[in-house]
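Under our numbering, the letters of the sequence shown match residues 7 to 495, in that order. Ideal Cβ placement from N, Cα and C applies to all residues, glycine included. Predicted model, so just to flag it, every value in this text is computed and none were measured.
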Amino acid sequence: MTSLDRRRSGVLLHPTSLPQAQSHGALGASARRFVDLIADAGFTVWQMLPIGPVDASGSPYLSRSVHAGSAELIDLEDLATHGWLRAEPGPGAGEPAAHFRARKLLEALIGFENQAGASVRQDFESFLAAHRQWLLDDGLFLALKAQHQGRPWWQWAPELRDREPRAIADAQTRHAPAVDQFVFEQYLFHSQWQALRAHARNRGVLLFGDIPIYVAHDSVEVWAHRAFFQLDSAGQPVAIAGVPPDYFSAEGQVWGNPLYDWSALQRDGFAWWVARLATQLERFDLLRIDHFRGLESYWAIPGGAKTGKDGEWRPAPGAKLLERLATAFGKLPVVAEDLGVITPEVERLRDGFDLPGMRILQFAFDGSATNPYLPHNHVRNCVVYTGTHDNDTTRGWSDALDANTRRHVADYFGVAGDALPRALMRSALGSVARLAVVPLQDLLGLDSRARMNTPATTRGNWTWTFSWEQLPAGFSAEWRHMNLLYGRA
């Protein structure tokens, strides 16, 4: 089963949006039930956001690791069925949810040590052997952050900040219990994820993941691989990521991520990127590279700048990187996030490696018949969406249209104004695009209250969840009919 071997359709839903995900984790019965739901409805792809550990913002795009899975997704109920912990309905009175989860995962390690059989222990040892290098770095990074009261790594004691060998060896000994706990939790994530992937494959569903192009400054990646980033001797970025001023922002945008030292990465044979992709391909059948244009050229803003005005475009060796990845993995199962202002050079890079781009229907209606997001301008080698996690729901988008745009969109689809959300979904499925993806919020007809993220805001994002009761009667039959009608089931 290959990624885009035929016409397919998928559903966009982050695992944290599954029922009970916030309290008991997402990778157990709830995720399997969701796979069954979309499979019965004729969808064969489940797309989600990055699944690494997140910071206090909750953003999946601000992970401290490119390898680790989020322990918040580990399903506690599945662990209870192993007998490794006692089933509890949730946190006790006054107990924070994070404390409850940490307590239960500590209990699970004790249960594992006392009760796990030989085959499970052998599976654990195989996992450790295959992933030892990043596991130990990640676990120690997390332990050292706790030792330093959560301060970023560049504010640690200099010998730990700079990873002096003796200091690191001492820290590994001192923090061995915390590292062991981290490794165990990553094993739980890995084993539950592989069980979910096996179930999805059995139902004919591919898993579609997401790779942010950049990593957070306060991450194990930058701490452990400083030579691959544009940093000064104190670990501060010489240049940071962002975008220049444009129609949407006169100041540009400052993202703050440290930029890659592409020369250093290339001298190392892009090994860091090869390892990164290898981890994700253990989990996913298809991957999206966010901000793909940064592989061709990137906007470099001086470190410490407050706006994106003073940056400059610098070339990136995207072709050499993709050639190296193709040598390692064969034809790349990668989708290029090519939204926004894209140059001919970026298009040549994308097309040179036969990578599908993206089309967003909510972006299509600026009044120009040549808009590339309009359905009649789609190409086969692309992925079409009604909207993404950064867009409003299609119901919310439709409700917010001004009168003239609403008439224009209704005229384009030949429907009444109140039928626009459904028209966009049918148009996505009817597109020539090889893959059509619809957020679950759109399939459920939900308004702006179900929006996942509003860019440039810091509150109210990443928390939406649905309930099984929201599924209308006949959901699977209705969407299976639609997928059959448009040749996607």
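For the pair L213 and D267, the CB atoms are not nearer than the 8 Å cut-off. Secondary structure of M364 (DSSP, three-state): strand.
When DSSP states are grouped into helix, strand and coil, E302 belongs to the coil group. Under the three-state reduction of DSSP output, P321 falls in the strand class. Looking only at H205, Q242 and A206, the smallest Cα-Cα distance to A222 is reached by Q242. When rounded, the separation of the alpha-carbon atoms in E475 and G89 is 30 Å. Inter-residue distance for R320 and E227 is about 22 Å (C-alpha atoms, whole angstroms).
If the five residues before and after G451 are omitted, its C-beta is found closer than 7 Å to the C-beta atoms of R401 and P427, all from its own chain and listed in chain order. The straight-line gap separating the alpha-carbon atoms of D417 and M431 is approximately 16 Å.
Taking the Cβ atoms as the reference, A342 lies roughly 5 Å from L361, within the contact range of under 8 Å. At least 8 Å separates the beta-carbon of A311 from that of L265. Check the Cα spacing between L148 and each of R465, H414, P183 and L194: the tightest is with P183.
Under a 10 Å Cβ-count criterion, T179 is classified as exposed, with fewer than 16 other Cβ atoms of the shown protein chains found around its own Cβ. In the structure shown, R14 adopts extended strand secondary structure according to DSSP, grouped into three states. The C-alpha of G98 is placed about 34 Å away from the C-alpha of A124. In the same chain as D252, and ignoring 5 residues on each side of it, no C-beta atom comes closer than 6 Å to its own. Note on S473: under 16 other CB atoms within 10 angstroms of its CB, so exposed under the neighbour-count rule. Residue pairing by DSSP places F214 opposite Q53 and L292 in a beta bridge. Residue pairing for S255: DSSP places it in no beta bridge.
A245 is bridged by DSSP to P308.
In this structure, the beta-carbon distance from V340 to L301 does not fall below 8 Å. Excluding the 5 residues flanking it on each side, A439 has same chain C-beta neighbours closer than 7 Å at R365, H384, R386, C388, V389 and V390, in chain order.
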